[in-house]
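Engineer: Protein chains in written order, with the numbering used here: chain A, 15 to 281; chain B, 14 to 402. Even for Gly, the Cβ is constructed at its ideal location relative to N, Cα and C.
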Amino acid sequence: MSPVAHGTVDPQGGPGSVEPPILRLAGVSKHFGGVRALHEVDLELRTGEVVALVGDNGAGKSTLVKIIAGVERPDGGEIHVDEQEVKLDTPRAATGVGIHTVYQDLSLCDNLDAVKNLFLGQERTTGWWRGRAVRRGAMEEQAKAVLDSMSVRLRSFTTPVGGLSGGQRQGIAICRALVSDPRIVMLDEPTAALGITQRAEVLDLILRLKEQRRSVLVISHDLKDVQHVADRVVVLRLGTKVAEFSRGRYTSSELVAAITGAHEGVA
Amino acid sequence: MSVSATSRTPLAGRITAAFEDRLRNVPVLIVLGAIWLFFDTRSDAYLSSQNLTNLVLQIVTTAILALGIVFVLLVGEIDLSSAILSGVCATVVANYAVTSGWNLYAALAVGVLLGMVAMLVQALIIVFGVPSLIVTLGGMVVFQGLLLVVLPPEFTVNVGGTDYAKIASEHLPTSLSFVLAVLILIAYAGSRWRDIIGSRSDRTWALVSIGVIGVAVLGGVTVLTRGNGLPFPVLILGVMLIVASYATTSTRYGVHLYAVGGDRDAAQRAGIPVYRMVLYSFLILGACAAIAGVVDASRQLAVSNSSGGGPLMLNAIAAAVVGGTSLFGGRGSVWSALLGALVIGSINNGVQLLGYSPEVQFFATGGVLVVAVAMDVVITRGSLWPRRA
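What follows is the structure in C-alpha cells.
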C-alpha cells in the first residue's frame with residue numbers, strides 16, 4: 015500500500031515547516047431551493063491526519079460529504095487537491111484524485127457478490143477487443159489480500175452480499191475504500207449502526223489508515239469516538255463552520271457547546 | 014478462503030439464497046420438465062424431433078423479444094411497446110427490401126436502427142423521470158398508429174418468395190451445426206478454465222455446469238437438425254443469447270448492468286453512469302424488437318396490421334419473468350428469455366397438438382406466470398412466509 019513505512023523519519027521536516035494541505039476547501043456553499051445547506055465553509059486536511067466533522071442533524075455534514083465525494087456540486091467555492099483546483103463533478107472524478115468515501119448505508123449492491131462490490135466502478139478489465147471482460151482472477155486475489163489485511167472473513171466470494179451479516183457488510187464497505195489505494199478516505203457515520211466490538215474494530219481501522227499515511231475525514235455523532243481518533247475536530251452548525259479544535263486543546267463541554275450553539279446564548 | 018463456522022444461516026435461508034444464486038434456473042427447468050412429461054403421456058408426437066423443432070421455431074420471436082425485455086427488467090424498468098415496435102420495424106424492412114427492392118442487409122440495418130431510435134426516444138423520457146410503465150404504454154399506442162402509417166393502403170406486404178422469406182426458411186447444414194456447437198462448448202469450457210484448474214469448491218460446480226450445457230447444446234442440435242439442418246431463426250437466437258450471456262456475465266458492462274438494477278444509489282456513488290446504463294438497455298431492446306419482428310414476418314411470409322399484436326407483448330414479458338428474471342431489477346439471466354419462452358411455448362404447442370379447447374392454454378399460461386412471480390417474491394425476500402406487519 016503506502017510506500018512510507020510506519021516508524022520512519024517524521025516527514026514533517028524541521029520545526030516550523032508546515033506541510034501544504036492535501037485537501038483544501040475554500041468558501042464552499044450549497045443551496046437546495048431556498049434552503050441554505052452550506053455557507054462559505056473552509057476545511058483543510060493534511061497527509062496522515064484524521065479530521066472529524068461533527069454537528070447536529072441538519073448542520074450540513076452530509077452535504078459536505080456529498081460535495082467532496084463528487085455526488086453533489088457546490089454552488090460556490092473552490093476545492094483544491096495538492097494545491098490544484100479540481101472540479102469534483104462525478105464520483106469518478108473524486109476517485110480519480112484519490113478521494114474515497116464509505117457511506118453510512120454502506121452503498122453495497124445486495125445482488126452482487128463481495129468481489130464485484132469491492133471493485134464496483136473500478137473493475138480490473140481486459141482491453142476493448144474482449145468487450146472489457148472483467149479479470150476475475152486478479153480481482154479475487156486482490157480482494158483476498160485486502161480483506162485479510164482487515165481481518166474480514168467471508169465464507170464465499172460468490173455469495174451475494176445481501177446474504178452476509180452486518181459486520182461482514184461493514185467490512186466489505188470499508189475494504190472497498192482501500193482497493194483503489196486512496197490518499198483520502200471519508201467515513202460517513204462509520205460506527206453508527208455497530209455493536210461495541212465492531213465499533214472498536216472500526217476505530218482501529220481508522221488509526222490503521224492513519225499509520226498508512228492516508229488522510230481520514232470522519233463524520234460522526236459520537237463525541238467519544240471523535241475524541242479518541244481525531245487530530246482535529248471541525249464543528250458545523252446550520253451550514254456554517256463555527257469552531258475548530260486541535261487534539262488535547264478542548265474539553266467535551268466546549269465541543270458540545272459549539273455543536274449546540276450554547277455559548278451564543280451568553281451574548 | 015477462510016471458513017467461518019459462526020456465520021451459519023438457517024436452512025430455509027440457505028436454500029432461498031442458493032436459488033437466488035446458482036440454482037436460479039432450476040425451478041423453471043422443473044416446471045418445463047413437468048409440462049413435457051404431462052404432454053408426453055398424452056401424445057407420442059409431442060416429444061418427436063419434428064414437433065420439438067416446430068416448438069422452437071414457434072418460440073423464437075417471443076424469445077428474442079424476451080431477451081431484450083430481460084435487459085430492461087435487469088435495470089429495474091419495464092416495457093410494453095416493443096412488440097408493436099417489432100411490427101413497425103418488420104414492415105419498414107419489408108417496404109424497403111420487397112416493395113422498393115433494396116438490398117436486404119441495408120433494409121435490415123434501417124429496421125434495426127429504427128427500433129433503436131424509437132426506444133432511445135422513450136428511454137430519454139424515462140431517464141427524464143416519467144415512469145417506464147407509462148412511457149411505454151403511451152409508446153405502444155403511438156407505435157400502433159405508426160404501424161398504420163408505414164403500411165401500404167392495402168395494410169399488408171407479402172414477402173413470400175423473396176430474400177426476406179429466406180431468413181426463416183434457410184438452414185445451416187447439419188455437419189456445420191455440430192462443428193459450431195463443439196466450438197461453442199470448447200469456448201465455454203475455456204472461459205471456465207480458471208474454475209476447473211482451481212482447487213476450490215467452484216471446480217465441481219464448473220464441471221457440472223459444463224456437462225449440463227454440453228448435453229443441452231449437443232442434444233438440442235441433434236434434435237433440431239433432424240430435418241435439413243439447423244433452422245436459421247434458431248441460429249440467430251442462439252448467437253444473440255451467447256453474445257448476451259458473455260456481455261452480462263463476463264464484462265464490466267454486465268457488472269454495471271446488475272449493479273444499476275440492484276441499487277441505483279449505490280451504483281451512482283460507485284461512479285457508474287446509471288442513466289447511460291438504462292439507455293443502453295432500451296437500445297438493446299430496440300434492436301431485439303426489430304430482429305424479432307423481421308424473423309416473425311419472415312416466418313409468416315407477410316407483414317400486416319396485426320404484426321407484433323396479439324399476445325406477443327405479454328408472452329414476452331411473461332417469458333422473461335417465468336424464466337426467472339425479477340421484475341424488481343438486478344436478478345435473473347439472459348437464459349431466462351429462452352427458458353420462459355420454452356415454458357409458455359410448450360403449453361401452447363401441447364394444447365394445440367392435443368386439440369384442447371383454447372381456454373385451457375390461457376388458464377395454464379396465466380397460472381404459470383403467477384406461480385413464477387410468487388417464487389420470485391419468495392426468493393427476493395429470502396423467506397417463504399410474509400414478514401409480520
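Quick check: the segment 359–374 of chain B against the segment 340–348 of chain B, are at least 3 beta-carbon pairs closer than 8 Å?
Structural biologist: No, because fewer than three Cβ pairs between the segment 340–348 of chain B and the segment 359–374 of chain B fall closer than 8 Å, the two stretches do not touch.
Engineer: Nearest CA to the CA of V73(B): which residue from G336(B), G306(B), Q135(B)?
Structural biologist: Sequence index remark: in the second sequence, residue 73(B) carries index 60 (1-based). Of the listed residues, the one whose Cα sits closest to V73(B) is G306(B).
Engineer: Which term fits N116(B), buried or exposed, when burial requires 16 or more other beta carbons within 10 angstroms of its beta carbon?
Structural biologist: Residue mapping note: residue 116(B) aligns to position 103 of the second sequence, counting from 1. Counting Cβ neighbours within 10 Å, N116(B) comes out exposed, since fewer than 16 surround it.
Engineer: Since E137(A) meets chain B, which of its residues come closer than 8 Å, beta carbon to beta carbon?
Structural biologist: Position 123 of the first sequence, counted from the first residue, corresponds to residue 137(A). Within 8 Å Cβ-Cβ: R265, V268.
Engineer: Which residues mark the beginning and the end of the alpha helix (DSSP H) in which L164(B) is found?
Structural biologist: To locate residue 164(B), count along the second sequence from 1; it is residue 151. Segment: none, L164(B) is in no alpha helix (DSSP H) and carries neither H nor E.
Engineer: Measuring only between beta-carbons, confirm whether R344(B) sits less than 9 Å from chain A.
Structural biologist: Indexing the second sequence from 1 puts residue 344(B) at position 331. So yes, R344(B) belongs to the interface.
Engineer: Using a Cβ cut-off of 9 Å (strictly closer), state whether Y118(B) contacts chain A.
Structural biologist: One-based indexing of the second sequence puts residue 118(B) at position 105. Chain A contact via Cβ: absent.
Engineer: Given this structure, state the Cα-to-Cα distance separating F375(B) from V160(A), to the nearest angstrom.
Structural biologist: As a position in the second sequence, residue 375(B) is number 362, starting the count at 1. As a position in the first sequence, residue 160(A) is number 146, starting the count at 1. Their backbone Cα atoms lie some 54 Å apart in a straight line.
Engineer: I need the DSSP call for L185(B), collapsed to helix, strand or coil.
Structural biologist: Residue mapping note: residue 185(B) aligns to position 172 of the second sequence, counting from 1. Strand, per DSSP.
Engineer: When you compare the CB of L269(A) with every CB in chain B, is at least one pair closer than 9 Å?
Structural biologist: In the first sequence, residue 269(A) corresponds to position 255, counting from 1. Output row for L269(A): interface = no.
Engineer: Using Cβ-Cβ distances below 7 Å, what residues of the segment 283–296 of chain B are close to chain A?
Structural biologist: Going along the segment 283–296 of chain B in chain order, one finds A283, G284, I285 with a Cβ nearer than 7 Å to chain A.
Engineer: Let me confirm a value: S17(B) is counted as buried when at least 16 other C-beta atoms fall within 10 Å, else exposed. Which label applies?
Structural biologist: Indexing the second sequence from 1 puts residue 17(B) at position 4. Residue confidence is low: S17(B) scores 40 on pLDDT, short of 50, so the model does not pin down where it sits. Its coordinate-derived value is still stated next. Counting Cβ neighbours within 10 Å, S17(B) comes out exposed, since fewer than 16 surround it.
Engineer: Could you tell me whether any Cβ in chain A is nearer than 9 Å to the Cβ of D389(B)?
Structural biologist: As a working mapping, residue 389(B) is identified with position 376 in the second sequence. D389(B) does not count as touching chain A.
Engineer: What residues match up with F259(A) in a beta bridge as DSSP calls it?
Structural biologist: For the purposes of this step, residue 259(A) is identified with residue 245 of the first sequence, where counting begins at 1. F259(A) pairs with V247(A).
Engineer: Hey, out of L60(B), V125(B), T262(B), whose CA is closest to V347(B)'s CA?
Structural biologist: On the second sequence, residue 347(B) is found 334 positions in, with the first residue counted as 1. When only C-alpha atoms are compared, the closest one is T262(B).
Engineer: Pick helix, strand or coil for A66(A), following the three-state DSSP scheme.
Structural biologist: By one-based count along the first sequence, residue 66(A) stands at place 52. The answer is strand: DSSP assigns A66(A) an E or B state.
Engineer: By the 8 Å beta-carbon criterion, what residues does the segment 245–265 of chain A contribute toward chain B?
Structural biologist: Result list empty, no residue passes.
Engineer: Measuring straight from C-alpha to C-alpha, what distance separates V240(A) and V216(A)?
Structural biologist: Mapped onto the first sequence, residue 240(A) falls at position 226. Mapped onto the first sequence, residue 216(A) falls at position 202. One C-alpha to the other measures close to 12 Å.
Engineer: Opposite L201(A) in the DSSP bridges: which residues?
Structural biologist: Locating residue 201(A) in the first sequence gives position 187, where the first residue counts as 1. Bridge partners of L201(A): V116(A), V232(A).
Engineer: For L355(B), does the three-state DSSP call read helix, strand or coil?
Structural biologist: Indexing the second sequence from 1 puts residue 355(B) at position 342. Looking at L355(B) - three-state DSSP - the assignment turns out to be helix.
Engineer: Quick one: measure Cβ to Cβ for M164(A) and G185(A), integer angstroms, because I've assumed they're closer than 8 Å.
Structural biologist: Taking the first residue of the first sequence as position 1, residue 164(A) is located at position 150. Taking the first residue of the first sequence as position 1, residue 185(A) is located at position 171. The Cβ separation is near 6 Å, so the contact holds.
Engineer: Less than 6 Å between C-beta atoms, sequence neighbours within five positions excluded: which residues of the same chain meet that for A96(B)?
Structural biologist: Against the second sequence, residue 96(B) aligns to sequence position 83. Only G321, L325, M326 meet the Cβ criterion.
Engineer: From the DSSP output, which residues share a beta bridge with D127(A)?
Structural biologist: Reading the first sequence from its first residue, position 113 is the one you call residue 127(A). Its beta-bridge partners are P174(A).
Engineer: Return the residue from the list S194(A), V232(A), D96(A) that minimises the CA-CA distance to E137(A).
Structural biologist: The count along the first sequence starts at 1 and reaches residue 137(A) at position 123. Answer by Cα proximity: S194(A).
Engineer: Comparing the C-beta of G437(B) with each C-beta of chain A, is any distance below 9 Å?
Structural biologist: Any question about residue 437(B) goes unanswered here, given that chain B covers just 14 to 402.
Engineer: If I measure Cβ to Cβ from A194(B) and keep anything under 7 Å in the same chain, skipping five residues before and after, which residues do I get?
Structural biologist: On the second sequence, residue 194(B) is found 181 positions in, with the first residue counted as 1. Only V230, L231, V234 meet the Cβ criterion.
Engineer: Of all the CB atoms in chain A, is at least one closer than 9 Å to the CB of A219(B)?
Structural biologist: For the purposes of this step, residue 219(B) is identified with residue 206 of the second sequence, where counting begins at 1. Not an interface residue.
Engineer: Mapping DSSP to helix, strand and coil, what is S317(B)?
Structural biologist: Translated into positions along the second sequence, residue 317(B) becomes position 304. In the structure shown, S317(B) sits in a strand (DSSP, three-state: E or B).
Engineer: Quick check: the Cα distance between R312(B) and N171(B), rounded to an integer number of angstroms?
Structural biologist: The residue given as residue 312(B) occupies position 299 in the second sequence. The residue given as residue 171(B) occupies position 158 in the second sequence. So the alpha carbons of these two residues sit roughly 11 Å apart.
Engineer: I'd like the list of long-range same chain contacts for L68(B), defined as Cβ closer than 7 Å, with 5 residues on each side in sequence excluded.
Structural biologist: Locating residue 68(B) in the second sequence gives position 55, counting from the first residue. So the qualifying residues of the chain are G358, S359, N362.
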